[in-house]
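Take the sequence shown: its letters are residues 16 to 220, numbered as in the numbering used here.
All C-beta atoms in this analysis are idealised placements derived from N, C-alpha and C, irrespective of residue type, glycine included.
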Amino acid sequence: MKPENSENNQHIHNVLTNGITNHMFWIFGYGSLMWKTNFPFIKKYPGYIKGYTRRFYQFSPDHRGTNELPGRVVTLLPSTDDSCVWGIAYAIDNRDIANVCAGLDLRERAGYTKKIIQFHSKTNKDQIPAEVTVYIADEDNEWYAGEASVQQIACRIAACKGTSGPNPEYVYNLAAEMRRIAPGEDDRHLFELESALKNMENIQC
Numbered sequence: 016m017k018p019e020n021s022e023n024n025q026h027i028h029n030v031l032t033n034g035i036t037n038h039m040f041w042i043f044g045y046g047s048l049m050w051k052t053n054f055p056f057i058k059k060y061p062g063y064i065k066g067y068t069r070r071f072y073q074f075s076p077d078h079r080g081t082n083e084l085p086g087r088v089v090t091l092l093p094s095t096d097d098s099c100v101w102g103i104a105y106a107i108d109n110r111d112i113a114n115v116c117a118g119l120d121l122r123e124r125a126g127y128t129k130k131i132i133q134f135h136s137k138t139n140k141d142q143i144p145a146e147v148t149v150y151i152a153d154e155d156n157e158w159y160a161g162e163a164s165v166q167q168i169a170c171r172i173a174a175c176k177g178t179s180g181p182n183p184e185y186v187y188n189l190a191a192e193m194r195r196i197a198p199g200e201d202d203r204h205l206f207e208l209e210s211a212l213k214n215m216e217n218i219q220c
């Protein structure tokens, strides 16, 4: 994983040094963090970030594939329109930040770096985070897969399995989470891929 940018380092430092009761650290999950939260958190909110689109353009050489046959998972691409990406923001207690970040850095080690992005909550209840830390795999990382047709992506995903399970399971879980937290939202890339995988089950590409 590439070094974090200085802005994010300073953000984490500020949270850690400003006291446990006055600040919390927020992580935004838009992929497997939506259903596989193997870290402690205080609360969570569904919501979205603007200016990005979610695409299966990142190879996974570990969780959903291997070095020899890496699977495909999601990353975020900058968008100039009003696109938004739905996910879940998790509040981390200051006492847990160091351990949670270390664990997530390891989990997202195959090409992802941390960025700070504005978060918009689905509701206005309670104290909602204005900024969240997001793991994004940029185009210049070594495991960037790049653009491909939905059918090509589906064929690769159907053939892959990693330490976290079969690659198709990742797609189905993500689609289910999207329908749960944002029913009616049309994440076309995700849902077209889900449909392609279901149509080709038991068919070899």
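query: Do the segment 99-113 and the segment 63-80 touch if we need at least three Cβ pairs shorter than 8 Å?
result: yes
Beta-carbon proximity list for N37, same chain, < 6 Å, skipping 5 on both sides: Caution is warranted here: a pLDDT of 43 is assigned to N37, below 50, making its placement in the model unreliable, and the coordinate value is therefore given only provisionally. So no residue of the chain qualifies.
- request: Using three-state DSSP, classify F54 as helix, strand or coil.
  value: coil
task: Within the same chain, show all residues whose beta-carbon is closer than 6 Å to that of D108, passing over the 5 residues directly before and after it, in chain order.
output: I57
query: Three-state secondary structure (DSSP) at T36?
result: Because T36 sits at a pLDDT of 36, beneath the cut-off of 50, its placement in the model cannot be relied upon, and the point is left open.
task: For E94, name the three-state secondary structure that DSSP assigns.
output: The displayed chain sequence assigns Ser, not Glu, to residue 94. If DSSP states are grouped into helix, strand and coil, S94 belongs with coil.
- request: Apply the 10 Å Cβ neighbour rule to G199 and answer buried if 16 or more other Cβ atoms are within range, or exposed otherwise.
  value: exposed
Rounded Cβ spacing between N182 and R79 (contact assumed at less than 8 Å): 4 Å
field: Local conformation of C116 per DSSP, three classes
entry: helix
field: Under the three-state DSSP convention, the category S47 falls into
entry: helix
Outcome for Q133 when other beta-carbon atoms lying within 10 angstroms are tallied against a minimum of 16: exposed
message: Distance check for I42 and L212, CA to CA, integer angstroms please.
response: 30 Å
- prompt: If we count the other Cβ atoms within 10 Å of its Cβ and call it buried at 16 or more, is P85 buried or exposed?
  reply: buried
field: Given K51 as reference, the closest of T81, T148, L189 once Cα atoms are compared
entry: L189
query: Between H204 and R122, is the Cβ-Cβ spacing less than 8 Å?
result: no
S136 in three-state terms, based on DSSP: strand
message: Can you list, in chain order, the residues of its chain with a C-beta nearer than 6 Å to that of V149? Leave out the 5 residues immediately preceding and following it.
response: F43, K130, I132
field: Residue of D201, A117, G161, V165 minimising C-alpha distance to P55
entry: A117
Beta-bridge pairing of W101 - partner residues as DSSP gives them: Y63
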